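Protein chains in written order, with this note's numbering: chain L, 3 to 602; chain R, 121 to 430.
If you want it as structure tokens, here you go:
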């Protein structure tokens, strides 16, 4: 006989069941909401402090810069954002005069009188850059202006003697003139550079150069980093740390339009159908944070997220060996999206090490002994192309025909080089330390490197440590071999070639502490040259020097893969812009029909 | 009792000093210089020196320790290296979601474990007892990680019985908490049952229980009125020692189910080597542990009149 609940408990059971059902989350009418993913917590919303991809992605929903990257056109270039037209550049590329759009207002916020955002003026750009360069903000981005704008270094120096923030801002210093950074009137900014840096236009599109209202900085003081007040397409509505960020359309945003130019394939894919229409198309953006990949993956498959990266462990269930999306996922409307990242994964040798720094053929041999193709398969599911120099595909100076003679797997040639250098079979060599951060995948990469080196008799000890300890040792030059990765800050080869520029030695980004007079001289010349045959020739010579000296083993340039539902329209990858969400469009009816019956 | 509590609180001062010293030395020696990560890439040597000085990291270690102690007295744990948030604010924000998960889980686990242990003890050696013991051992043997991964996939994704992850405040949050609470119970109850069962069996074997039974009390009544009361001291000890863990959160459950509590915060801090946060959570946990000890001692006297607090 079936068990029956005693009468006295029945009302309670009914009550509990009703309560649970009433509380069960239903799929609300999502409308034009984009639901994206962050696989790391974001740090904060202060443009002066942004230094990671995810924080930058969130800041760009709220803040804007004078220039911005073109969404569809390639090669990567910039266009006016808050500027009303492209900068007027004179004096051989050293003077930028930029007129700003009239009528653009900061979002309404309590920091303004009456809570009403005011119009953006040229002085706001001057203030924002000065604030970013103020020593006391502890900015991570001073390097973008360091030595580049006339008078700005002196301004920064002067801020060193001011009392710590947020006590006083010293308007006298902020209102004082910096020769190379001036507001000529309410709508004109003039920047004067020390040298004609061709990539300076990209710097004006970086999040560090975003315009912030001084009222918000003064009103929120230390808490400014949690209260973004910008001119961007969205407003931050909710920020539950570790869980979710919600943005809603900024009702005062009227100055952005969908691009009218793109590549031929963009037209074919329908990406230009919205050309010239006012942005954004979305009413709301929800970015869920997932530190663990399983819940992200399951939520994506369920349709609770509009896109997802592909976790390494789920790769085979999502992608076929011929690199297309599997049939069951395609039937759900999931598309595989692939693009080349502007990045470099590499290993480098510390030139201050008495053995590694002195023996060129030893470094060449180690480069030849490293099986990068196997590493790409083992650690990146084949998502990468072999690197031959620091410059990734898609940048000026990248030549697919260029082959670094030491960036190939040839253990026999490596052994021969060791013999020539006096270390046959690795005899006479000490054990080298490969230092990496304590994480299973980094350790595995180290073990793979050690195993490759063992084939030619070079002994490697893989050591791991915490990230702060790793940085401390790296910046104090207390390492022998390390692995690193570099993503483009801006699409110019200078950003990659500076990784081995002598004066950038540790604590700078030249972690190999490599110094070569010819390379350094060529770097200085190419850094202020416009793209052209002469610049290309200099870059080629620099690549040859690196191939010969072998301060680094260029490993791979990664490919980014993303799964995305077909109800997300106008989606195009961009290697510099982390999330051009303002261009996305949601087909709400298609999403509703696809999700029907798929559960919560 | 007041004197006892005051004296115990005084004893905690040297203990706290010792803990703070160990934590400080551990994290300041292993932690490396935070300035490198705070300034990001391309920081110049001059910038590094300047910020190192500004943060007082170029002072002798003992001076830094004194400053650290002074900050602790003001409940100022400093700022996160990662987000630059005040850590005291981070703890305050994370406490509520952690308790939302931990308190119901703890209460339900305890009630269930005591009830099951009583049944098991009552039927010692019988099939029911054997079944419950085997079940408890099984529950103890499965790692929480395997439970989470399996249940999230099977119960939440495949069977669609629960939301996959998420957190909401108020009644709307109930469905999100249901699965993590069940998993907490599944993971904890086995160990608790085995412990409570052995405590109860020890009491059942005592003379006063035989006397009570001889006077005509049923097994169940003897269990409820005599055995359970006398077994309270070891039970309370275990419960009180578990209370600090409720505040510091469940690392894996919070992380997998997207509950923005202290456990989630701690695991993020561990992943990012955000030492000031780890340091603060360690200290916070230690303080709670010491307080829990004190509460436990006071409760002994409540449950057992033979215990005198002096």
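Where a beta carbon is used, it is the ideal one built from N, C-alpha and C, also for glycine. As the structure is a prediction and not an experimental result, all values here were calculated from the model.
Between residue 308 of chain L and chain R, the shortest Cβ-Cβ separation is not below 9 Å. DSSP lists L/463 as the beta-bridge partner residues of residue 435 of chain L.
Excluding five sequence positions before and after residue 343 of chain L, the CB atoms of its chain that fall closer than 6 Å to its own CB belong to 560, 562 and 577, given in chain order.
Against chain R, a Cβ distance below 8 Å from residue 470 of chain L picks out 151, 152, 153, 154, 156, 157, 201, 393 and 395. 273, 276, 277, 280, 283, 284, 285, 286 and 287: these are the residues of the segment 273 to 287 of chain R whose beta carbon lies less than 8 Å from some beta carbon of chain L, given in chain order. Residue 319 of chain R is positioned such that its CB atom lies closer than 9 Å to that of residue 237 of chain R. In terms of Cα proximity to residue 208 of chain R, the closest of R/234, R/230, R/404 and R/127 is R/404.
Shown here, residue 99 of chain L sits in a strand according to DSSP, grouped into three states. By alpha-carbon distance to residue 130 of chain R, the top candidate from R/345, R/410 and R/398 is R/410. Near chain L, meaning a CB-to-CB distance below 9 Å, the residues of the segment 358 to 381 of chain R are 372, 374, 375, 376, 377, 378, 379, 380 and 381.
Distance from the Cα of residue 135 of chain L is smallest, within the candidate group L/558, L/148, L/332 and L/416, for L/148. With fewer than 16 other Cβ atoms inside 10 Å of its own Cβ, residue 415 of chain R counts as exposed.
If the five residues before and after residue 295 of chain R are omitted, its C-beta is found closer than 6 Å to the C-beta atoms of 283, all from its own chain and listed in chain order. DSSP, reduced to helix, strand and coil, places residue 90 of chain L within a strand of the structure shown. Non-local C-beta neighbours of residue 154 of chain L in its own chain, meaning closer than 7 Å and more than five positions away in sequence, comprise 135, 147, 180, 182 and 183, ordered along the chain.
The beta carbon of residue 491 of chain L sits closer than 6 Å to the beta carbons of 497 from its chain, once the five residues preceding and following it are set aside; these are given in chain order. Restricting attention to alpha helix (DSSP H) runs no shorter than 4 residues, the segment 344 to 373 of chain L encloses them at 362 to 371, ordered along the chain. Between the alpha carbons of residue 505 of chain L and residue 163 of chain R lies a distance of about 12 Å. With respect to residue 76 of chain L, residue 265 of chain L sits close: the two C-beta atoms are nearer than 9 Å.
When the Cα atoms are used, residue 267 of chain R and residue 297 of chain R turn out to be separated by approximately 15 Å. The Cβ of residue 263 of chain R sits no closer than 9 Å to any Cβ of chain L.
Listed in chain order, the positions of the segment 377 to 389 of chain L with a beta carbon within less than 8 Å of a beta carbon of chain R would be empty, since no residue qualifies. Looking from the CA of residue 125 of chain L, the closest CA among L/288, L/189 and L/410 belongs to L/189. The C-alpha of residue 568 of chain L is placed about 56 Å away from the C-alpha of residue 193 of chain R. Rounded to the nearest whole angstrom, the CA to CA distance from residue 43 of chain L to residue 323 of chain L is 33 Å. For residue 245 of chain L, no beta strand (DSSP E) run applies, since DSSP gives it neither H nor E. Boundaries of the beta strand (DSSP E) harbouring residue 556 of chain L: 554 to 567, taken from the DSSP string. Counting along the chain, no alpha helix (DSSP H) covers residue 37 of chain L; the unbroken beta strand (DSSP E) around it starts and ends at 35 to 40. In the structure shown, the three-state DSSP call for residue 388 of chain L is strand. When 7 Å is used as the limit between beta carbons, residue 385 of chain R is near these residues of chain L: 244, in chain order.
Here the alpha carbon of residue 220 of chain R sits roughly 20 Å from the alpha carbon of residue 233 of chain R. Pairing residue 306 of chain R with residue 277 of chain R, the inter-Cα distance amounts to about 19 Å. In terms of CA proximity to residue 291 of chain L, L/243 leads the group L/115, L/209 and L/243. In terms of Cα proximity to residue 274 of chain L, the closest of L/573, L/414, L/177 and L/241 is L/573. Three or more beta-carbon pairs separated by less than 8 Å link the segment 473 to 482 of chain L to the segment 419 to 438 of chain L, which places the two stretches in contact.
Along the segment 117 to 145 of chain L, going in chain order, the ones with a CB nearer than 9 Å to a CB of chain R are 137, 138, 140, 141, 142, 143, 144 and 145.
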